[in-house]
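Residue numbers (the working numbering): 4 to 246.
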(Lines of atoms letter the chains of each structure in order from A and count residues from 1; the text may use other names and numbers.)
(Lines give C-alpha, C1' and ligand atoms only; values in the text may rest on other atoms or scores of the structure.)
Protein backbone atom coordinates (compact mmCIF):
# COMPACT_ATOMS: atom_id res chain seq x y z
CA UNK A 1 0.00 0.00 0.00
CA UNK A 2 1.42 3.37 -0.99
CA UNK A 3 2.26 6.02 1.59
CA UNK A 4 -0.11 8.39 -0.20
CA UNK A 5 -2.98 6.35 1.26
CA UNK A 6 -2.07 7.76 4.68
CA UNK A 7 -1.86 11.30 3.35
CA UNK A 8 -5.22 11.03 1.61
CA UNK A 9 -6.96 9.61 4.69
CA UNK A 10 -5.37 12.27 6.92
CA UNK A 11 -6.67 15.08 4.75
CA UNK A 12 -10.20 13.64 4.72
CA UNK A 13 -10.40 13.20 8.50
CA UNK A 14 -11.51 15.49 11.32
CA UNK A 15 -10.68 13.61 14.56
CA UNK A 16 -7.11 12.32 14.37
CA UNK A 17 -4.99 10.37 16.83
CA UNK A 18 -1.23 10.45 16.18
CA UNK A 19 0.91 8.07 18.27
CA UNK A 20 4.54 9.04 17.71
CA UNK A 21 7.81 7.61 18.97
CA UNK A 22 10.54 10.17 19.70
CA UNK A 23 13.95 8.67 18.86
CA UNK A 24 14.20 7.72 15.22
CA UNK A 25 10.88 9.40 14.38
CA UNK A 26 10.62 12.95 15.70
CA UNK A 27 14.40 13.15 16.09
CA UNK A 28 17.24 11.23 14.43
CA UNK A 29 19.02 8.44 16.27
CA UNK A 30 22.19 9.70 17.95
CA UNK A 31 25.19 7.90 19.53
CA UNK A 32 24.03 8.68 23.10
CA UNK A 33 20.57 9.54 24.50
CA UNK A 34 21.51 13.04 25.61
CA UNK A 35 22.70 13.96 22.11
CA UNK A 36 19.22 13.39 20.67
CA UNK A 37 17.72 16.69 21.80
CA UNK A 38 15.01 18.12 19.53
CA UNK A 39 16.27 19.54 16.25
CA UNK A 40 14.82 22.41 14.27
CA UNK A 41 12.99 19.79 12.22
CA UNK A 42 11.57 18.22 15.39
CA UNK A 43 10.13 21.56 16.44
CA UNK A 44 8.81 22.30 12.96
CA UNK A 45 6.98 18.96 12.81
CA UNK A 46 5.42 19.35 16.25
CA UNK A 47 4.45 22.95 15.61
CA UNK A 48 2.68 21.89 12.43
CA UNK A 49 0.91 18.89 13.93
CA UNK A 50 -0.20 20.58 17.14
CA UNK A 51 -1.39 23.73 15.37
CA UNK A 52 -4.18 21.67 13.79
CA UNK A 53 -6.98 21.35 16.36
CA UNK A 54 -8.18 18.17 14.67
CA UNK A 55 -5.06 16.38 15.91
CA UNK A 56 -4.50 14.62 19.23
CA UNK A 57 -0.75 14.00 19.45
CA UNK A 58 0.72 11.45 21.87
CA UNK A 59 4.47 10.94 22.26
CA UNK A 60 4.95 7.24 23.06
CA UNK A 61 8.57 6.79 24.10
CA UNK A 62 10.96 4.79 26.20
CA UNK A 63 12.43 8.05 27.42
CA UNK A 64 12.13 9.13 31.07
CA UNK A 65 9.29 11.55 31.78
CA UNK A 66 11.68 14.30 32.91
CA UNK A 67 13.43 14.27 29.54
CA UNK A 68 10.20 14.37 27.56
CA UNK A 69 8.90 17.18 29.75
CA UNK A 70 12.10 19.19 29.36
CA UNK A 71 12.36 18.75 25.61
CA UNK A 72 8.71 18.75 24.51
CA UNK A 73 6.67 20.06 27.43
CA UNK A 74 5.93 23.34 25.66
CA UNK A 75 3.71 21.59 23.11
CA UNK A 76 0.03 20.67 23.58
CA UNK A 77 0.68 16.93 23.45
CA UNK A 78 0.11 13.90 25.66
CA UNK A 79 2.89 11.57 26.78
CA UNK A 80 3.50 7.90 27.50
CA UNK A 81 6.99 7.74 29.06
CA UNK A 82 9.22 4.76 29.88
CA UNK A 83 7.27 2.59 27.41
CA UNK A 84 4.01 3.57 29.06
CA UNK A 85 4.82 3.23 32.75
CA UNK A 86 4.05 6.96 33.08
CA UNK A 87 1.17 8.75 31.39
CA UNK A 88 0.35 12.42 31.03
CA UNK A 89 -2.71 13.79 29.28
CA UNK A 90 -2.45 17.09 27.46
CA UNK A 91 -2.37 19.80 30.12
CA UNK A 92 -2.55 17.22 32.92
CA UNK A 93 -0.24 15.78 35.55
CA UNK A 94 2.01 12.74 35.32
CA UNK A 95 0.39 9.53 36.57
CA UNK A 96 1.92 6.13 37.10
CA UNK A 97 -0.09 3.91 34.77
CA UNK A 98 1.05 0.71 36.47
CA UNK A 99 2.27 0.09 40.01
CA UNK A 100 5.52 -1.82 39.86
CA UNK A 101 8.23 -2.90 42.25
CA UNK A 102 11.84 -1.90 41.70
CA UNK A 103 13.76 -4.06 44.18
CA UNK A 104 15.06 -6.11 41.24
CA UNK A 105 17.09 -3.21 39.89
CA UNK A 106 20.19 -3.86 41.99
CA UNK A 107 20.76 -7.36 40.65
CA UNK A 108 20.12 -6.25 37.06
CA UNK A 109 22.43 -3.25 37.51
CA UNK A 110 25.23 -5.54 38.70
CA UNK A 111 24.83 -7.76 35.63
CA UNK A 112 24.77 -4.81 33.23
CA UNK A 113 27.74 -3.11 34.88
CA UNK A 114 29.71 -6.35 34.69
CA UNK A 115 29.23 -6.45 30.92
CA UNK A 116 29.84 -2.69 30.69
CA UNK A 117 33.31 -3.19 32.21
CA UNK A 118 34.11 -5.66 29.41
CA UNK A 119 32.73 -3.57 26.54
CA UNK A 120 34.28 -0.11 25.99
CA UNK A 121 31.76 2.38 24.64
CA UNK A 122 28.80 0.82 26.42
CA UNK A 123 26.96 2.36 29.37
CA UNK A 124 24.00 1.75 31.66
CA UNK A 125 21.07 4.17 31.88
CA UNK A 126 18.82 4.02 34.95
CA UNK A 127 15.15 4.98 34.72
CA UNK A 128 12.42 5.10 37.36
CA UNK A 129 11.41 1.46 36.87
CA UNK A 130 13.77 0.26 34.17
CA UNK A 131 17.40 -0.14 33.16
CA UNK A 132 18.89 0.22 29.70
CA UNK A 133 22.23 -1.06 28.44
CA UNK A 134 23.38 1.08 25.50
CA UNK A 135 26.09 -0.13 23.13
CA UNK A 136 25.77 2.07 20.04
CA UNK A 137 29.35 3.34 20.43
CA UNK A 138 30.87 -0.07 21.19
CA UNK A 139 32.91 -2.01 18.64
CA UNK A 140 32.01 -5.65 17.93
CA UNK A 141 29.54 -5.97 20.83
CA UNK A 142 27.75 -9.12 19.66
CA UNK A 143 29.27 -11.66 22.08
CA UNK A 144 28.92 -9.43 25.13
CA UNK A 145 25.32 -8.53 24.29
CA UNK A 146 24.49 -12.21 23.84
CA UNK A 147 26.06 -12.92 27.23
CA UNK A 148 24.14 -10.03 28.80
CA UNK A 149 20.81 -11.41 27.62
CA UNK A 150 21.78 -14.90 28.80
CA UNK A 151 22.57 -13.57 32.29
CA UNK A 152 19.45 -11.41 32.45
CA UNK A 153 17.01 -14.11 31.39
CA UNK A 154 16.80 -16.09 34.68
CA UNK A 155 16.41 -12.86 36.66
CA UNK A 156 13.68 -11.70 34.31
CA UNK A 157 11.84 -15.00 34.67
CA UNK A 158 12.03 -14.92 38.46
CA UNK A 159 11.14 -11.24 38.89
CA UNK A 160 8.52 -11.05 36.10
CA UNK A 161 10.54 -8.66 33.98
CA UNK A 162 10.59 -8.05 30.25
CA UNK A 163 13.82 -7.90 28.24
CA UNK A 164 13.56 -5.69 25.17
CA UNK A 165 16.36 -5.77 22.60
CA UNK A 166 16.07 -2.62 20.53
CA UNK A 167 18.42 -0.64 18.31
CA UNK A 168 21.79 -0.93 20.05
CA UNK A 169 20.11 -1.13 23.45
CA UNK A 170 18.95 -3.89 25.79
CA UNK A 171 16.29 -2.68 28.18
CA UNK A 172 14.71 -4.37 31.20
CA UNK A 173 11.28 -3.27 32.43
CA UNK A 174 8.51 -4.85 34.53
CA UNK A 175 6.23 -7.27 32.71
CA UNK A 176 3.10 -5.54 31.43
CA UNK A 177 4.94 -2.36 30.49
CA UNK A 178 4.91 -1.83 26.72
CA UNK A 179 3.86 0.78 24.19
CA UNK A 180 0.82 -1.19 23.07
CA UNK A 181 -0.70 -1.44 26.53
CA UNK A 182 0.10 2.22 27.13
CA UNK A 183 -1.62 3.35 23.96
CA UNK A 184 -4.89 1.55 24.73
CA UNK A 185 -5.69 4.49 27.02
CA UNK A 186 -5.95 6.82 24.01
CA UNK A 187 -7.30 4.28 21.55
CA UNK A 188 -10.57 4.26 23.50
CA UNK A 189 -11.34 7.67 22.00
CA UNK A 190 -13.58 8.40 19.03
CA UNK A 191 -11.29 9.04 16.04
CA UNK A 192 -11.77 8.80 12.30
CA UNK A 193 -8.01 8.61 11.63
CA UNK A 194 -5.31 6.82 13.65
CA UNK A 195 -1.62 6.75 12.80
CA UNK A 196 1.16 5.13 14.85
CA UNK A 197 4.80 5.72 13.91
CA UNK A 198 7.88 3.96 15.28
CA UNK A 199 11.32 2.76 14.29
CA UNK A 200 12.22 0.00 16.74
CA UNK A 201 11.18 -3.45 17.93
CA UNK A 202 9.58 -1.84 20.99
CA UNK A 203 7.04 -0.18 18.68
CA UNK A 204 5.76 -3.52 17.41
CA UNK A 205 3.62 -3.95 20.54
CA UNK A 206 1.81 -0.78 19.50
CA UNK A 207 1.44 -1.72 15.85
CA UNK A 208 -0.02 -5.10 16.79
CA UNK A 209 -2.94 -3.76 18.88
CA UNK A 210 -4.17 -1.07 16.49
CA UNK A 211 -7.69 -1.25 15.06
CA UNK A 212 -7.91 -2.75 11.58
CA UNK A 213 -8.68 0.62 10.00
CA UNK A 214 -5.68 2.36 11.62
CA UNK A 215 -2.46 3.21 9.80
CA UNK A 216 0.99 2.30 11.09
CA UNK A 217 4.34 3.44 9.81
CA UNK A 218 7.68 1.76 10.40
CA UNK A 219 10.81 3.87 9.96
CA UNK A 220 13.79 1.81 8.79
CA UNK A 221 14.45 -1.85 8.13
CA UNK A 222 13.38 -5.01 9.94
CA UNK A 223 10.32 -7.20 10.21
CA UNK A 224 7.22 -5.28 11.22
CA UNK A 225 3.48 -5.47 11.74
CA UNK A 226 3.17 -1.92 10.39
CA UNK A 227 1.05 -1.29 7.32
CA UNK A 228 3.57 1.10 5.73
CA UNK A 229 7.30 1.80 5.78
CA UNK A 230 9.72 4.64 5.17
CA UNK A 231 13.44 3.96 4.89
CA UNK A 232 14.80 6.86 6.94
CA UNK A 233 13.85 9.43 9.55
CA UNK A 234 14.60 12.12 6.98
CA UNK A 235 11.87 10.65 4.78
CA UNK A 236 9.45 10.93 7.70
CA UNK A 237 10.32 14.61 8.09
CA UNK A 238 9.52 15.09 4.42
CA UNK A 239 6.27 13.13 4.83
CA UNK A 240 5.09 15.40 7.66
CA UNK A 241 6.16 18.52 5.78
CA UNK A 242 3.92 17.54 2.87
CA UNK A 243 0.87 16.50 4.92
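All residues carry an ideal CB built from backbone N, CA and C; glycine is no exception. Please read these numbers as outputs of a predicted model, since none were measured by experiment.
Take residue 30, set aside five residues on each side of it, and the residues of its chain with a beta-carbon closer than 7 Å to its own are 39, 41, 42 and 45, in chain order.
Ranking 7, 81, 15 and 56 by CA distance to the CA of residue 24 puts 81 first.
Under the three-state reduction of DSSP, residue 36 is assigned to helix. DSSP, reduced to helix, strand and coil, places residue 224 outside both helices and strands of the structure shown, so it counts as coil. Contact between the stretch 191–207 and the stretch 101–113 is not established, with fewer than three Cβ pairs separated by less than 8 Å. Spatial neighbours of residue 224 in its own chain (CB-CB distance under 8 Å, excluding positions within 5 residues in sequence) are listed in chain order as 234. Taking a C-beta distance under 7 Å as the contact criterion, residue 136 and residue 115 qualify as a contact pair.
Setting aside the 5 residues that flank it on each side, residue 211 is surrounded in the same chain by 183 and 228, each with a C-beta closer than 7 Å to its C-beta; the list follows chain order.
By alpha-carbon distance to residue 12, the top candidate from 218, 126 and 60 is 218. Every alpha helix (DSSP H) stretch that sits fully inside the stretch 141–175 and reaches 4 residues is listed by chain position as 145–162. Residue state for residue 6 is assigned as coil, using DSSP reduced to three classes.
With fewer than 16 other Cβ atoms from the protein chains shown falling within 10 Å of its own Cβ, residue 215 counts as exposed.
The three-state secondary structure of residue 83, taken from DSSP, is strand.
Between residue 85 and residue 133, the CB-CB gap stays under 7 Å. In this structure, DSSP gives residue 30 an extended state, which the three-state scheme calls strand.
Bounds of the alpha helix (DSSP H) holding residue 111 are 108–119.
When DSSP states are grouped into helix, strand and coil, residue 62 belongs to the strand group. Taking a cut-off of 8 Å on C-beta distances, the stretch 185–197 does not touch the stretch 158–174, as fewer than three cross pairs fall below it.
Boundaries of the alpha helix (DSSP H) harbouring residue 68: 68–75, taken from the DSSP string.
Taking residue 36 as reference, the option from 222, 48 and 74 with the minimal CA-CA separation is 74.
Here DSSP, grouped into helix, strand and coil, assigns residue 189 to helix. The Cβ atoms of residue 208 and residue 241 lie no closer than 7 Å to each other.
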